[in-house]
Amino acid sequence: MKQLIEKLSSKQLLESDEFNQLITTCLKCDNTFNHLRNKATLIVQEQFGFGIYTRGLIEISSYCRNNCYYCGLRRDNRNATRYRLNDDEILSCCIDGYQAGLRTFVLQGGEDAAFTDNRLVDLITQIHRHCPDVAITLSLGERSAESYQLLYNAGASRYLLRHEAANVSLYSQIHPSKMSHDNRISCIKSLLATGYQTGMGMMIGVPGQTIAHLIDDLLLMEQLQPHMIGIGTFIPHPDTPFGTHSAGDLRLSLIIIAIARLMHPYALIPATTALATLTPDGYLQGILSGANVVMPNITPNVARPHYEIYPGKEHSQSTITSTLSNLSQQLATIGYHINSSRGDYKKRN
Ligand code: 5AD
Ligand code: SF4
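Residue numbers (the numbering used here): 70 to 418.
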């Protein structure tokens, strides 16, 4: 197995059966699993040292026009409490975050028609006026190429749009027929072509997913070369069609994060909230598998419980400063620290 890990580390692509062998061996053999994770963290250390980038996550709207089968914010979930932050609320989150030292803000929300291009352009302009030198990341789903361009021109420089499933038939099993795999991929291509630092990714353990599907995800990302890669674990939400399925496997999630790191040495890979929801030291486990970004939630405390993509997400009532100092302390236990620069994607060496 060591040869396969070496092969990946030297930027050679594995054959599908080699990927399969590596993943299944890591699932059952602690030595191989640890070796893979060690390789992944060594690559991070070579490229980024022991600094972990932070991004202030602002969940701006829990309204969504889509109906993804896995997500608690889906339109047909009548039990969800919907909210939408106003521009002043979003701006004051950024200002507070800026004062606490954050230099990237992620505006994330469901696909909410209230966030028109005009409104977002204004908002992006205001954020840059009050918080110069920050990076603004958007995570607002599928929009037109024109919209992506307008928002980029206004000063948003990064966009997260997970592809969710590279495999077309899996994609259609976890989304209603109205949503199209083709459109998803063309949105990602148009983000890349516009010049965004672009994030892709998927959940581990979504119902119907096999290891072969995960290999398809790795190969799609190899083809498109995203700058950011978000890999979370599926957690069932009771008010969704997938509510009675079991959660994805944490170990498999860490294996895929580590493989993604070997394949993308320069990428920005977050230790996702889903990992932290599954286990108290989830962020640290993610970092020890090759992640190098953490996205502390800075959404106003009153709104947080209502952004329930899946249950069990921590909604602490702590201030931004105490969240960051808590994170610093946690990172210190494994020898890492916060790197408070913007952390743009750059090709290194
Ligand atoms: N469990 C884990 N992650 C989820 N997401 C949506 N629903 C769930 C769930 N039940 C992820 C999707 C989406 C992002 C906003 O959250 O990958 O892109
Ligand atoms: Fe909406 Fe995103 Fe949830 Fe799908 S995953 S329902 S697009 S918020």
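Just so you know, even glycine gets a beta-carbon here, dropped at the ideal spot from N, CA and C.
Could you please give me the residues that DSSP links to residue i through a beta bridge?
{"i": "Asn366", "result": "Leu126"}
{"i": "Ser208", "result": "Gln177"}
{"i": "Gly301", "result": "Met272"}
{"i": "Pro339", "result": "Val362"}
Is residue i near ligand 2 - that is, is its Cβ less than 7 Å away from at least one heavy atom of it?
{"i": "Glu180", "result": "yes"}
{"i": "Arg143", "result": "yes"}
{"i": "Cys133", "result": "yes"}
{"i": "Asn136", "result": "yes"}
{"i": "Gly404", "result": "no"}
{"i": "Gly359", "result": "no"}
{"i": "Gly210", "result": "yes"}
With a threshold of 7 Å (Cβ to nearest heavy atom), would residue i be considered close to ligand 1?
{"i": "Glu364", "result": "The sequence as given places Met at residue 364; Glu does not occur at that position. No, the beta carbon of Met364 sits no closer than 7 Å to any heavy atom of ligand 1."}
Is residue i close to chain D, meaning its C-beta is less than 8 Å from at least one C-beta of that chain?
{"i": "Ser387", "result": "The displayed structure is made up of one protein chain only, and chain D is not part of it."}
Expressed to the nearest angstrom, what Euclidean distance is found between the alpha-carbon atoms of residue i and residue j?
{"i": "Ile284", "j": "Phe102", "result": "17 Å"}
{"i": "Phe119", "j": "Asn408", "result": "8 Å"}
{"i": "Tyr414", "j": "Met332", "result": "15 Å"}
{"i": "Asp186", "j": "Ile112", "result": "39 Å"}
{"i": "Lys76", "j": "Gly268", "result": "25 Å"}
{"i": "Asn136", "j": "Ala149", "result": "13 Å"}
{"i": "Thr313", "j": "Ile304", "result": "10 Å"}
{"i": "Ala281", "j": "Asn89", "result": "7 Å"}
{"i": "Ile193", "j": "Asn100", "result": "47 Å"}
{"i": "Arg39", "j": "Gly270", "result": "Residue 39 lies beyond the stretch modelled for the chain, which goes from 70 to 418, so this question has no answer here."}
Could you tell me the boundaries of the alpha helix (DSSP H) in which residue i lies?
{"i": "Ser78", "result": "71 to 78"}
{"i": "Arg188", "result": "186 to 199"}
{"i": "Leu171", "result": "Run containing Leu171: none; DSSP gives neither H nor E here."}
{"i": "Tyr352", "result": "351 to 356"}
{"i": "Arg330", "result": "319 to 332"}
{"i": "Ser226", "result": "First-last for Ser226: 225 to 229, but that is the beta strand (DSSP E), not the alpha helix (DSSP H)."}
Between which two residues does the beta strand (DSSP E) carrying residue i extend?
{"i": "Ile407", "result": "406 to 408"}
Around ligand 1, Cβ to any heavy atom closer than 6 Å, ordered along the chain | Tyr139, Cys140, Arg231, Glu233, Met272, Gly301, Phe303, Ile304, His306, Ala343, Ile378, Tyr379
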